[in-house]
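Add 11 to a position in the sequence shown, counting from 1, and you land on the number used in the working numbering.
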Amino acid sequence: MTTLDTDAAPALGGPMLAQERRLVTAIPGPRSQELLARKAAAVAAGVGHTAPIAAVAAGGGVVVDADGNSLIDLGSGIAVTSVGNAHPKVVEAVQRQAAQFTHTCFMVSPYEGYVAVAEALNRLTPGGFAKKSALFNSGAEAVENAVKIARKATGRQAVVAFDHAYHGRTNLTMALTAKSMPYKSGFGPFAAEVYRAPMSYPYRDGLAGPEAAAKAISVIEKQVGAENLAAVIIEPIQGEGGFIVPAEGFLPAISAWCTANGVVLIADEVQSGFARTGAMFASEHFGLVPDLVTTAKGIAGGLPLAAVTGRAEIMDAAHAGGLGGTYGGNPIACAAALASIEVFETEDLSDRAREIEALMTARLETMQAADPRIGDIRGRGAMIAIELVDPATQAPAGALAGAVARRCIADGVIVLTCGTYGNVLRFLPPLTIDDALLSEGLDVVAAALAAEVAA
Ligand code: PLZ
Numbered sequence: 012m013t014t015l016d017t018d019a020a021p022a023l024g025g026p027m028l029a030q031e032r033r034l035v036t037a038i039p040g041p042r043s044q045e046l047l048a049r050k051a052a053a054v055a056a057g058v059g060h061t062a063p064i065a066a067v068a069a070g071g072g073v074v075v076d077a078d079g080n081s082l083i084d085l086g087s088g089i090a091v092t093s094v095g096n097a098h099p100k101v102v103e104a105v106q107r108q109a110a111q112f113t114h115t116c117f118m119v120s121p122y123e124g125y126v127a128v129a130e131a132l133n134r135l136t137p138g139g140f141a142k143k144s145a146l147f148n149s150g151a152e153a154v155e156n157a158v159k160i161a162r163k164a165t166g167r168q169a170v171v172a173f174d175h176a177y178h179g180r181t182n183l184t185m186a187l188t189a190k191s192m193p194y195k196s197g198f199g200p201f202a203a204e205v206y207r208a209p210m211s212y213p214y215r216d217g218l219a220g221p222e223a224a225a226k227a228i229s230v231i232e233k234q235v236g237a238e239n240l241a242a243v244i245i246e247p248i249q250g251e252g253g254f255i256v257p258a259e260g261f262l263p264a265i266s267a268w269c270t271a272n273g274v275v276l277i278a279d280e281v282q283s284g285f286a287r288t289g290a291m292f293a294s295e296h297f298g299l300v301p302d303l304v305t306t307a308k309g310i311a312g313g314l315p316l317a318a319v320t321g322r323a324e325i326m327d328a329a330h331a332g333g334l335g336g337t338y339g340g341n342p343i344a345c346a347a348a349l350a351s352i353e354v355f356e357t358e359d360l361s362d363r364a365r366e367i368e369a370l371m372t373a374r375l376e377t378m379q380a381a382d383p384r385i386g387d388i389r390g391r392g393a394m395i396a397i398e399l400v401d402p403a404t405q406a407p408a409g410a411l412a413g414a415v416a417r418r419c420i421a422d423g424v425i426v427l428t429c430g431t432y433g434n435v436l437r438f439l440p441p442l443t444i445d446d447a448l449l450s451e452g453l454d455v456v457a458a459a460l461a462a463e464v465a466a
């Protein structure tokens with residue numbers, strides 16, 4: 012028998028789990044170590060992990076491991092479980108759908124759940140114009156398809172992405188992603204006709220939005236040429252690249268240039284979408300109305316689902332049979348998405364994300380006032396980060412960020428890093444975390460930063 016002994020596991024996860032940080036062993040405890048040893052032996056070395064635990068249950072604002080430790084979750088499985096892990100409405104919808112049918116392939120026998128998700132996305136994404144959607148399995152797959160659609164609609168081939176961008180790990184999306192290590196190094200050759208423009212990065216470029224946009228547009232015009240350009244793809248708030256929030260006016264200027272030049276503007280809201288930033292989509296903070304929006308992660312409460320949504324005439328440019336996939340819009344994932352969308356709307360989770368922003372930024376500003384290694388605090392809603400630097404030079408302090416995140420995890424708080432230089436601590440709590448737990452999580456972060464003075 013090779014199953015993990017999980018006597019310590021609660022029978023159920025979800026919000027009924029005790030909402031507490033509880034360490035009963037060192038992290039990793041013996042049962043987690045046992046699983047990690049099996050992982051090392053059985054799973055490809057390229058598949059890493061952040062927290063060295065064997066997860067057995069999660070919900071509200073905690074993840075429980077096989078040793079009975081309960082960790083505060085400030086990561087949401089990378090911005091996925093925004094409605095909370097194992098949300099009862101998602102669980103119920105999944106169970107009901109799984110008992111009805113698990114798969115037909117939408118391209119063989121269509122079903123209502125897929126259509127209803129498309130209708131919801133067409134309604135919820137920015138823009139009052141007629142929209143259509145297509146469903147896929149992962150964020151990378153959504154991005155790939157958005158580019159396919161933009162190329163077919165424009166008859167052009169080039170695509171522009173930005174510095175610090177992250178769009179996925181498939182061949183085309185690796186090409187769109189900026190950072191070599193760990194995402195691209197050794198995995199080339201990459202897809203052709205992908206170009207990179209400078210991103211607005213207020214903390215480091217000191218440029219106002221319109222100036223930063225002019226710089227990017229000049230690069231695009233000189234190095235690509237509008238007449239060759241199918242699409243510009245941008246994360247309205249960058250995720251893996253460091254939670255970079257572009258300066259005011261940057262996104263509207265890029266958008267206006269795209270419209271004037273017949274270029275499809277794709278907003279990659281895979282990480283920033285679905286109430287995460289205090290609005291249903293981060294584009295809304297900037298008055299950005301993209302032609303196409305890619306979504307995934309938060310859309311389905313943890314089930315794999317992704318989408319491209321946008322202007323009907325662009326979405327319809329691809330010929331019948333040109334878009335699809337065996338599993339895209341799987342019925343169980345669609346049921347989970349419909350339940351999640353209902354939770355986002357009825358529980359007003361955008362409002363909750365704004366409350367989380369207020370709590371987190373107040374706390375982080377207090378920390379920053381006493382600690383000049385916190386160079387920048389940025390983000391929106393429950394997508395907030397601190398950039399750690401050498402106070403004298405503003406040089407990125409990547410080793411410090413890594414050490415603080417590891418210390419937090421050892422102390423029972425799951426904290427993720429990000430950023431081109433790995434020096435950004437990002438906080439992505441489930442929107443169902445309670446204030447007390449969130450505050451305690453930030454106490455642990457503060458203590459970990461204080462403990463790493465020597466770093
Ligand atoms: N676009 C903006 O954030 C996924 C990646 C984690 P998939 N980000 C987390 C990792 O190390 O692989 C992401 C994103 C943005 C696209 C993607 C890709 O989404 O569902 O991981 O394919």
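C-beta atoms are modelled at their ideal positions from N, C-alpha and C, and glycine is treated no differently.
Q | Neighbourhood of Phe112 by C-beta distance below 8 Å, restricted to the same chain and skipping five residues each side | A | Taking Phe112 as the centre and dropping the five residues before and after it, the same chain places the C-beta of Tyr122 and Pro342 closer than 8 Å to its C-beta, in chain order.
*asked:* Runs of 3 residues minimum, wholly inside the region 404-449: which ones carry the beta strand (DSSP E) assignment?
replied: Fully enclosed beta strand (DSSP E) runs of 3 or longer: 427-429 and 435-438.
From Glu204 to Leu453, what distance separates their C-alpha atoms? Rounded to whole angstroms, Glu204 to Leu453 spans 43 Å at the Cα level.
C-beta contact flag for Ser283 and Leu276 at 7 Å: It is not a contact, given that the beta carbons lie outside the stated cut-off.
So the alpha helix (DSSP H) Ala369 belongs to, where does it begin and stop?
-> Leu360 to Ala381 is the span of the alpha helix (DSSP H), which, as asked, contains Ala369.
| For Ala466, which of helix, strand or coil comes out of DSSP? | Unreliable positioning characterises Ala466 in this predicted model, as indicated by a pLDDT of 48, which lies under 50. The coordinate reading is nonetheless provided below. Shown here, Ala466 sits in coil according to DSSP, grouped into three states, outside any helix or strand.
Problem - Lining residues of the ligand GTP - beta-carbon closer than 6 Å to any non-hydrogen atom, in sequence order - result: The ligand GTP is absent from the structure shown, which contains only the ligand PLZ.
Item to complete: Express the C-alpha separation of Ala416 and Ser229 in angstroms, rounding to a whole number.
Response: Between the alpha carbons of Ser229 and Ala416 lies a distance of about 39 Å.
Reduced DSSP category for Lys159 - H, G, I as helix; E, B as strand; rest coil | Three-state DSSP puts Lys159 in a helix.
Ser470 vs Thr305 beta-carbon contact at 7 Å:
Outside the shown range of the chain (12 to 466) lies residue 470, about which nothing can therefore be said.
### Opening and closing residue of the alpha helix (DSSP H) in which Tyr125 lies
Per DSSP, Tyr125 belongs to the alpha helix (DSSP H) from Glu123 to Leu135.
Own chain, CB closer than 7 Å to Tyr338, minus 5 neighbours either side, in chain order
The answer, listed in chain order, is Asn148.
Using 8 Å as the Cβ pair cut-off and three pairs as the minimum, do the region 124-142 and the region 168-185 touch? Not touching, per the Cβ criterion.
Please state whether DSSP places Ile395 in a helix, a strand or coil.
-> Strand at Ile395.
What's the gap between the Cα of Leu360 and the Cα of Leu442?
-> Using only the alpha carbons, I get a separation of about 7 Å.
* Under three-state DSSP, which class holds Tyr206? -> Strand.
- prompt: So, Pro39 versus Ile64, is the Cβ gap smaller than 7 Å?
  reply: Yes, they are a contact pair.
So, for Ala344: in the same chain, excluding its five sequence neighbours on each side, which residues have a beta-carbon less than 7 Å away from its beta-carbon?
Here the set comprises Ala311, Leu314, Pro315 and Leu316.
Residue(s) in a DSSP beta bridge with Gly333: The partner list for Gly333 (beta bridge, DSSP) is empty, contrary to what the question assumes.
Quiz item: Anyone know if the C-beta pair for Gly179 and Ala151 falls short of 7 Å?
Solution: With respect to Ala151, Gly179 sits close: the two C-beta atoms are nearer than 7 Å.
Out of Leu299, Leu448 and Ile160, which has the shortest C-alpha to C-alpha gap to Gly335?
Comparing Cα-Cα distances from Gly335 to each of Leu299, Leu448 and Ile160, the minimum goes to Ile160.
- Task: Using 10 angstroms around the beta-carbon of Thr13, count the other beta-carbons present and answer buried if the total reaches 16, otherwise exposed.
- Result: Bear in mind that a pLDDT of 47 at Thr13, under 50, signals an unreliable position, so the model cannot answer this.
- Query: Are the beta-carbon atoms belonging to Ala186 and Ala202 less than 7 Å from one another?
  - Reply: In contact: Ala186 and Ala202 (Cβ atoms closer than 7 Å).
- Task: Alpha carbon to alpha carbon, how far is Arg33 from Ile248? Give it in angstroms, no decimals.
- Result: Inter-residue distance for Ile248 and Arg33 is about 33 Å (C-alpha atoms, whole angstroms).
Can you name the start and end residues of the alpha helix (DSSP H) that Ala145 belongs to? Ala145 -> not in any alpha helix (DSSP H); beta strand (DSSP E) instead, spanning Lys142 to Phe147.
Requested in this report: Could you please give me the residues that DSSP links to Gly25 through a beta bridge?
Outcome: Partner(s): none; Gly25 has no beta bridge.
Q. For the candidate residues Phe438, Met326 and Val67, whose alpha-carbon lies nearest to that of Leu46?
A. Minimum Cα distance to Leu46 is reached at Val67.
Item checked: Pick from Asn133, Ser93 and Gly72 that is closest to Val354, judged by C-alpha positions -> Closest by alpha carbon: Ser93.
> Can you tell which of Glu324, Asp84 and Pro21 has its C-alpha closest to the C-alpha of Gly71?
Replying inline: For the residues Glu324, Asp84 and Pro21, the minimum Cα distance to Gly71 belongs to Asp84.
Review point. For Ser81, which beta-bridge partners are listed by DSSP?
Key: According to DSSP, which records beta bridges pairwise, Ser81 is partnered with Arg33 and Val75.
* Using alpha carbons as the reference points, say which of Ser87, Val54 and Ala22 lies closest to Ile444. => Nearest C-alpha to Ile444: Ser87.
Notebook entry, point to check: In terms of residues, what are the limits of the beta strand (DSSP E) holding Gly321?
Noted result: Run containing Gly321: Ala317 to Arg322, per the beta strand (DSSP E) assignment.
**Message:** DSSP has Asp279 in a bridge; who is on the other side?
**Reply:** Note: Asp279 sits in a beta bridge opposite Thr305.
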